[in-house]
């Protein structure tokens, strides 16, 4: 970010604003609503964020860039994460309009907007800045096991799929753990987490040989002065497209403990994208595989389940958590809907055990 | 490659020419010796490739770029793969000298030499070409399970570590299988394989989200008109630095069968680099983990073991293969030193089983 005062975001989510399709938009609205002036999606123009998402209050959805600018936006934040991360062609003209009209741009796309000659020229003309969140540092190392040696407890969220709530679970936990007296740091590994925290590396955007090295670097950085480091997970160990990122992150960050994240109503990998050829196996299989594969580099235990129940009634949600706990023998809660306490306690216990191990 | 006639390579391996330290150099010498005029390594100047490697005949090792040029080199091929893949600073001056002196450059480093202003300018002056083997295509997809549907048998080599002989095993197999009447294609996924085959994608050099997508694309491409596709493996499922590449490649290529590659005398991951903190577990554990993790996306079996015994006597080598076969119940041979037949037969049997499965 280049603005000293907080930016006022217009979130661009055209054609995709919704509970499961606009992950970045939704997290910025959930955690930094005071920075959002509007969402741009022609399909929902005239409604509010709350109408579309079930949270986010009266933030208006507008149908054009001009309306967003008129509401005082100082920044356009790209709020969708399309498969592959590339910029829809039609958006280029809107972004040019925004830059010339006095807005900065914040983007987590794989296509770096600073490399787009039209947008770079518009930024120059408007005197504005384009921030490509996913552009990795140039000097990443190959991982060398440094995260194995850390003193604080390292906790990684792992998932049954993309977009099940791995980042949200940790953002819910970090404040609660700090209140309970554990000095807790969140380590962002994806575009949205970096936008919220202001630092991190998008590990899915680094050159493949350096995934673990990037994870190692930011885990070590996050560990300074912390009792607990919560590393944001990515993808899933059986995701046909992204499993490499998941495993590199797992072996680079060397977590002592993992929290398994799942969306209770999801049956297929990627089915929020209608790509339903791979059925999600039982949670107990994930627990076993994640522990097995993590343990080949650094011993790690799944200590709890974070269940995403956004599309259920309270009764259904409670039943889903109880089923998962019964199947796996692990504490399970939806840390957005219910009390996160079972997960706080699981993390505190793991931290206590690690201190005891290191003392002997 | 830009030359219509075969290039005459000077292989640059300064300070690192040796049986385990100059993987690219060694494979080019093994499979394309007729294209190599000399190796540049000041530490071994005056010796021959055979003196240093135990193969490669009378190819001379020289101590300067000028000597290599005098021997008629038309191309400098970078023959070492340093951790991280970056260019040693001292080499830049040599490469400049070569370009100005009329040589092309072929490089598999992560640092693209075309992006180096000094080298790019020297290439322009000399009218020569720099080929960055690892530069990935710009339009890679996220993998979508396309390789699951292929008709030919897909075989991936998987390893207990980097640099154990995954590519060499397959290059040994491909000619033999073709002779036995199976139309067999080798799919290169790393710099050396691409140099030898003339096509492929270095999957360790793509943006992390596209590892599996890159693997999928070249596996599908290699399958055309083939009975068997041999996909070059990378890294190891428990390599602390590179496991993400390994898993992305595994899930993107959807192999039906795997060949596990191991160097018999190696005890620690990376110990050829003296980074010995992670002990290599038993082969049977690799068989189990590779099958488990592959099977979450596409069912796959380890069908044989390729043992690298380069530093053993024949008796020791035979004993190592027998121990591995006894431990895992799988056929095992060193396809460089001994008859590869047990691996041919394992692949033919797997191909037969796949045809039978698809027919029902």
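Residue numbers (the numbering used here), protein chains in the order written: chain Z, -7 to 352; chain S, -7 to 352. Backbone N, C-alpha and C define an ideal beta-carbon position, used for all residues, glycine too.
Straight-line Cα distance separating residue j from residue i
| i | j | result |
| --- | --- | --- |
| residue 164/Z | residue 249/S | 43 Å |
| residue 290/S | residue 246/S | 6 Å |
| residue -5/Z | residue 58/S | With a pLDDT of 44 at residue -5/Z, under the threshold of 50, the modelled position of that residue is not reliable, and the figure given next carries that caveat. Going from the Cα of residue -5/Z to the Cα of residue 58/S covers about 55 Å. |
| residue 20/S | residue 9/S | 13 Å |
| residue 194/Z | residue 133/Z | 15 Å |
| residue 316/Z | residue 274/Z | 9 Å |
| residue 310/Z | residue -2/Z | 38 Å |
| residue 44/Z | residue 11/Z | 7 Å |
| residue 140/S | residue 279/S | 21 Å |
| residue 312/Z | residue 256/Z | 6 Å |
| residue 189/S | residue 218/S | 16 Å |
| residue 62/Z | residue 191/Z | 30 Å |
| residue 92/Z | residue 24/Z | 25 Å |
| residue 126/S | residue 283/S | 29 Å |
| residue -7/S | residue 207/S | For residue -7/S, the pLDDT reaches just 41, beneath the cut-off of 50, and the residue's location in the model is therefore unreliable, although a value from the coordinates is still provided. When rounded, the distance between both Cα atoms is 22 Å. |
| residue 66/Z | residue 205/Z | 35 Å |
| residue 18/Z | residue 71/Z | 8 Å |
| residue 111/Z | residue 82/Z | 13 Å |
DSSP state of residue i mapped onto helix, strand, coil
| i | result |
| --- | --- |
| residue 182/S | coil |
| residue -6/Z | Residue placement at residue -6/Z is poorly supported in this model, since its pLDDT is 41, which falls under 50; the coordinates are not used for a value here. |
| residue 244/S | helix |
| residue 347/Z | helix |
| residue 3/Z | strand |
| residue 124/S | strand |
| residue 203/S | helix |
| residue 336/S | helix |
| residue 69/S | strand |
| residue 110/Z | helix |
| residue 169/Z | helix |
| residue 302/S | coil |
| residue 177/S | strand |
| residue 96/S | strand |
| residue 9/S | coil |
| residue 160/Z | helix |
| residue 238/Z | helix |
| residue 279/S | helix |
Residues that residue i contacts on chain Z, provided the C-beta gap is smaller than 8 Å
| i | result |
| --- | --- |
| residue 151/S | Ordered by position in chain Z, no residue passes the 8 Å Cβ test against residue 151/S, which lies about 13 Å from the chain. |
| residue 281/S | 284, 285 and 288 |
| residue 102/S | 199 and 201 |
Contact set between residue i and chain S, taken where Cβ atoms lie within less than 7 Å
| i | result |
| --- | --- |
| residue 230/Z | 288 and 289 |
| residue 195/Z | 200 |
| residue 243/Z | 232 and 235 |
| residue 225/Z | Chain S residues near residue 225/Z: none, gap ~13 Å exceeds 7 Å. |
Proximal chain S residues relative to residue i, where beta-carbon distance stays under 9 Å
| i | result |
| --- | --- |
| residue 269/Z | 136, 137 and 140 |
| residue 118/Z | Here the premise fails: no neighbours, minimum Cβ distance about 28 Å. |
Listed by chain order, chain Z residues near residue i by CB distance under 7 Å
| i | result |
| --- | --- |
| residue 237/S | 200, 201 and 236 |
| residue 192/S | What residue 192/S touches in chain Z: nothing, since even the nearest Cβ is about 15 Å away. |
Identified DSSP bridge partners for residue i
| i | result |
| --- | --- |
| residue 324/Z | 297/Z |
| residue 151/Z | 253/Z |
| residue 30/S | 2/S |
| residue 271/S | 260/S |
| residue 145/S | 220/S |
| residue 54/S | 32/S |
| residue 16/Z | Note: residue 16/Z sits in no beta bridge, so no partner. |
| residue 352/S | Per DSSP, none; premise fails for residue 352/S. |
| residue 40/S | 52/S |
Chain-ordered chain S contacts of residue i [CB-CB under 8 Å]
| i | result |
| --- | --- |
| residue 182/Z | What residue 182/Z touches in chain S: nothing, since even the nearest Cβ is about 11 Å away. |
| residue 7/Z | In chain order: nothing, as chain S lies at least about 19 Å away. |
| residue 185/Z | Ordered by position in chain S, no residue passes the 8 Å Cβ test against residue 185/Z, which lies about 16 Å from the chain. |
Decide if the stretch 216 to 227 of chain Z is in contact with the stretch 139 to 150 of chain Z; the criterion is three or more beta carbon pairs, one per stretch, under 8 Å apart. yes
Contact between the stretch 34 to 53 of chain S and the stretch 97 to 105 of chain S: three or more CB pairs below 8 Å? no
Using 8 Å as the cut-off, can you tell me whether the stretch 155 to 164 of chain S makes contact with the stretch 176 to 187 of chain S, which would need three or more C-beta pairs spanning the two stretches below that distance? yes
Would you say the stretch 14 to 32 of chain Z touches the stretch 87 to 97 of chain Z, given that touching needs at least three Cβ pairs under 8 Å? no
Under 8 Å, with one C-beta from each stretch per pair, do the stretch 194 to 210 of chain S and the stretch 187 to 202 of chain Z reach the 3-pair mark? yes
Can you give me, in chain order, the residues of the stretch 37 to 53 of chain S that have a beta carbon less than 7 Å from any beta carbon in chain A? Although the question refers to chain A, the structure presented lacks it and instead comprises the protein chains Z and S.
Answer yes if the stretch 292 to 301 of chain S comes into contact with the stretch 228 to 239 of chain S, meaning at least three C-beta pairs across the two stretches below 8 Å, and no otherwise. no
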